[in-house]
Amino acid sequence: MNKADSPKTSSEQEAVIKPRQRLEGKTSVPGDKSISHRALILSSLAKGTSTIEGLLEGEDCLKTLKIMQDLGIKIQKKGEGCYQVQGKGLKGLKEPEDVLDCGNSGTTMRLLTGLLAAQSFYSVLTGDGSLRSRPMARITRPLAKMGAKIWTREDGLAPLSIQGRELTAIRYEQPVASAQVKSCLLLAGLFSEGKTIIVEPAASRDHTERMLKSAGVQLNINNGVITLENPEKIELAPQEIKVPGDISSAAFLIAAALMVEKGNLTIENVGINPTRSGFLTALDKMQANIAIKNTREVSGEPVADIEVSSSPLKAINLSGEIIPSLIDEIPILAVLATQAKGKTVISDAEELRVKETDRLAAIAKELKRLGADISEKEDGLIIKGPTKLKGGISCKSYHDHRIAMALAVAGLACQREVIIENSKIISVSFPNFLHLLEEL
Ligand code: S3P
């Protein structure tokens with residue numbers, strides 16, 4: 019074992035993951051990250067007081083919350099995950115006094131750029147090193163077609179300086195399925211003259227559309243074509259929003275229950291929106307022992323309880339239209355594939371290269387170090403299983419919450435303990451993850 023590989027002592031920045039045989043109990047996961055961002059933004063644009071229950075109080079959503087406050091919106095915390103937002107209508111935002119910090123959150127930056135491009139004031143959005151290296155041309159290009167004035171670095175990256183102005187609606191055919199781009203353009207479209215039409219190459223998460231509709235906005239959705247009608251008459255109604263548990267967070271606990279010898283877990287109140295639930299479809303194909311119970315609708319989103327217990331897994335092939343519906347779950351699926359019998363091939367997932375880190379490279383590198391048979395291809399991964407994961411090393415989290423959690427779950431099935439460096443990054447989306455893992 020070389021020096022870089024030797025176990026270190028635990029600190030705030032490091033998590034020590036010990037091999038585990040059991041994982042059982044009943045629990046819930048924090049609120050959905052995507053829905054939480056949208057709840058804060060759309061409530062701010064509504065006329066009147068909205069309430070949000072179950073808001074994710076992770077770093078990313080807290081950045082959106084703070085920015086909406088900096089834009090003059092009163093948002094009060096009423097209890098854990100409970101907030102009251104005093105929306106001022108579509109024309110109620112004010113010029114911020116300072117640069118707006120999106121931290122690690124791509125959703126914050128991309129959605130708010132669409133909103134700010136249409137305001138009558140100047141604003142600047144920045145973020146951490148990871149966010150400042152992620153592509154922004156995918157939003158600045160279509161926004162420029164709408165007439166937006168946005169300055170980027172010479173290479174198209176953030177910080178973004180935005181001189182808000184009146185925009186003209188466009189028809190935009192998205193080159194890649196992206197809910198962030200779609201939502202950015204819908205937000206800009208709320209303020210634009212004419213009909214905003216967005217054509218999706220494959221279905222990406224539709225939380226913005228659902229929430230806009232329940233705020234009374236007329237949206238026409240037909241075969242991947244989204245049309246925002248009559249923008250000159252738009253007004254958003256305040257709402258009582260109950261945010262369901264995040265399926266992308268639940269995925270790590272589900273995988274943990276499948277990885278250990280004796281896993282038996284129920285996760286209550288998880289959002290199972292079909293544009294997000296590809297992970298469950300994939301697990302079904304892998305023959306995982308999983309049941310979806312008590313399906314119901316909460317605040318316009320399908321919700322259910324998920325029961326899972328450890329089971330032998332079968333390798334699968336994943337490609338095409340299912341990819342956007344499990345895009346954030348690919349690192350944890352790769353971990354599961356190390357324990358599945360056969361060759362798992364994941365394709366059409368090149369978007370993972372421009373997430374918080376290059377997730378294909380990061381997960382392939384660290385799982386290989388743990389003893390997995392995994393290789394990268396340009397648009398995905400090839401994993402052969404099952405392999406006994408060894409552990410006994412420190413893994414890098416690449417400043418990426420999902421890589422850190424995926425490796426922590428892999429650590430449960432290792433023969434020796436695993437250290438996750440910079441585990442604090444997990445608080446971006448699932449602040450109590452390590453604690454919960456310990457508890458179950
Ligand atoms: C998100 C959309 C996805 C996802 C991200 C959150 C959103 O990104 O990966 O974690 O809330 O709209 P893309 O839309 O860019 O694929």
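This note's numbering numbers the first residue of the sequence shown as 19 and each following residue consecutively. Positions of the beta carbon are idealized from the N, C-alpha and C atoms, including for glycine.
Handout entry: Cβ-heavy atom distance, Thr356 to the ligand S3P, below 6 Å
Key = Not so, every heavy atom of the ligand S3P lies at least 6 Å from the Cβ.
Exercise for the section: Answer yes or no: the CB of Ser196 versus the heavy atoms of the ligand S3P, is any distance below 6 Å? Expected result: Between the ligand S3P and Ser196, a heavy atom-to-CB distance of less than 6 Å is present.
Problem - Between the CA atoms of Ile392 and Lys96 - distance to the nearest angstrom - result: Near 47 Å, if we compare the C-alpha coordinates of Ile392 and Lys96.
Practice task
Kindly examine the ligand S3P and report whether one of its heavy atoms sits closer than 6 Å to the Cβ of Asp366.
Solution key: Result no, Cβ not under 6 Å from the ligand S3P.
Problem - Boundaries (first-last residue) of the beta strand (DSSP E) holding Ser327 - result: Counted as a single uninterrupted DSSP element, the beta strand (DSSP E) harbouring Ser327 occupies residues Glu319 to Ser327.
Handout entry: Cβ-heavy atom distance, Thr375 to the ligand S3P, below 6 Å
Key = Answer for Thr375: no, Cβ out of range of the ligand S3P.
Practice task
Inspect the CB distances between the region 62-77 and the region 295-306 and report whether three or more fall short of 8 Å.
Solution key: Between the region 62-77 and the region 295-306, the count of C-beta pairs closer than 8 Å stays below three; the two stretches do not touch.
Practice task
Starting from Gln198, trace the alpha helix (DSSP H) both ways and give me its first and last residue.
Solution key: Per DSSP, the unbroken alpha helix (DSSP H) holding Gln198 starts and ends at Ala197 to Gly207.
Handout entry: Cβ-Cβ distance between Phe139 and Glu113 below 7 Å
Key = Going by beta carbons, Phe139 and Glu113 fall inside the 7 Å limit.
Problem - Ser62 beta carbon less than 7 Å from that of Ile91 - result: For Ile91 and Ser62, yes; Cβs fall inside 7 Å.
Handout entry: Segment contact, 8 Å Cβ cut-off, at least three pairs: the region 238-250 with the region 318-337
Key = No contact exists between the region 238-250 and the region 318-337.
Practice task
Output yes or no for whether 7 Å exceeds the beta carbon distance between Leu83 and Leu108.
Solution key: It is not a contact, given that the beta carbons lie outside the stated cut-off.
Exercise for the section: Tell me whether Gln102 sits in a helix, a strand or coil according to DSSP, three-state version. Expected result: Note: Gln102 maps to strand in three-state DSSP.
Exercise for the section: In angstroms with no decimal places, state the Cα-to-Cα distance between Lys402 and Thr356. Expected result: Taking the straight line from one Cα to the other gives about 6 Å.
Problem - First and last residue of the uninterrupted alpha helix (DSSP H) at Lys303 - result: Per DSSP, the unbroken alpha helix (DSSP H) holding Lys303 starts and ends at Gly296 to Lys303.
Practice task
Please go through the same chain and pick out, in chain order, the residues whose beta-carbon is closer than 7 Å to the beta-carbon of Gly207, but skip the five residues on each side of it.
Solution key: Answer for Gly207: Ala187, Thr214, Leu246 and Pro249, listed in chain order.
Handout entry: At least three beta-carbon pairs within less than 8 Å, the region 167-179 to the region 193-212
Key = Below 8 Å, too few C-beta pairs join the region 167-179 and the region 193-212 to call them touching: fewer than three.
Exercise for the section: Flag this pair as touching only if the region 395-413 and the region 343-356 have three or more C-beta atom pairs under 8 Å; answer yes or no. Expected result: Counting Cβ pairs under 8 Å, three or more are found: they touch.
Handout entry: Neighbourhood of Gly14 by C-beta distance below 7 Å, restricted to the same chain and skipping five residues each side
Key = The shown model of the chain, from 19 to 458, leaves out residue 14, and the question about it has no answer.
Practice task
Examine the ligand S3P and report whether any of its heavy atoms sits within less than 6 Å of the Cβ of Asp459.
Solution key: Nothing can be reported for residue 459: it is not among the residues displayed for the chain, which extend from 19 to 458.
Practice task
In angstroms with no decimal places, state the Cα-to-Cα distance between Lys280 and Glu435.
Solution key: Cα-Cα distance, rounded: 18 Å.
Problem - CB of Pro145 within 7 Å of CB of Cys120, strictly - result: A small correction: the amino acid at residue 145 is Gly; Pro does not occupy that position in the sequence shown. Yes; because the gap between Cβ atoms is below 7 Å, this pair is in contact.
Practice task
Have a look at Asn307 and Leu283 and give me their C-alpha separation to the nearest angstrom.
Solution key: If I take the Cα positions, the gap works out to 11 Å.
Practice task
Using beta-carbon positions only, say whether Lys51 and Leu74 come within less than 7 Å of one another.
Solution key: Contact annotation: Lys51 and Leu74 have beta-carbon atoms nearer than 7 Å.
Exercise for the section: Output the distance between the C-alpha atoms of Ala422 and Gln198, rounded to the nearest integer angstrom. Expected result: Pairing Ala422 with Gln198, the inter-Cα distance amounts to about 23 Å.
Problem - Proximity winner among Arg420, Leu204 and Cys413, relative to Val217 (alpha-carbon distances) - result: Closest option to Val217, Cα to Cα, is Leu204.
Exercise for the section: Flag this pair as yes or no: are the beta carbons of Ile411 and Ala426 separated by less than 7 Å? Expected result: Contact: no.
Problem - Proximity of Pro160 and Cys432 at Cβ, strictly below 7 Å - result: With a cutoff of 7 Å on beta-carbon distance, Pro160 and Cys432 are scored as not near each other.
Exercise for the section: For Thr125, verify whether its CB is less than 6 Å away from any heavy atom of the ligand S3P. Expected result: Checking the Cβ of Thr125 against the ligand S3P gives yes.
Problem - Check: Ser54 C-beta below 6 Å from any heavy atom of the ligand S3P - result: Incorrect: Ser54 has no Cβ contact closer than 6 Å to the ligand S3P.
Practice task
Check whether the Cβ of Asp346 lies closer than 6 Å to any heavy atom of the ligand S3P, and answer yes or no.
Solution key: Yes, since a heavy atom of the ligand S3P falls inside the 6 Å radius drawn around the Cβ of Asp346.
Exercise for the section: If I'm right that Ala15 touches Leu331 with Cβ under 8 Å, what's the distance once you round it to whole angstroms? Expected result: Here the chain covers residues 19 to 458 and nothing more, so residue 15 does not appear.
Exercise for the section: Drop a sphere of 10 angstroms on the beta-carbon of Asn20, count the other beta-carbons inside from all chains shown, and report buried for 16 or more, exposed for fewer. Expected result: Because the pLDDT at Asn20 is just 38, under 50, the model does not fix this residue reliably, and the value given afterwards should be weighed accordingly. With fewer than 16 Cβ atoms within 10 Å of its Cβ, Asn20 is classed as exposed.
Handout entry: Assigned secondary structure, Ala367 (DSSP; H/G/I helix, E/B strand, else coil)
Key = Taken through DSSP and simplified to helix, strand or coil, Ala367 comes out as coil.
Problem - Contacting residues, own chain, Cβ-Cβ under 7 Å from Lys26 (five flanking each side not counted) - result: Since pLDDT at Lys26 reaches only 42, below the 50 mark, its modelled position is unreliable, and the value read off the structure follows with that caveat. Closer than 7 Å at Cβ, skipping near neighbours: Glu32, Ser412 and Ile437.
Problem - Nearest neighbour of Glu258, chosen from Ala269, Asn238, Lys44 and Ser232 [CA to CA] - result: Selection Ala269, Asn238, Lys44 and Ser232 evaluated against Glu258 yields Ser232 as nearest (Cα-Cα).
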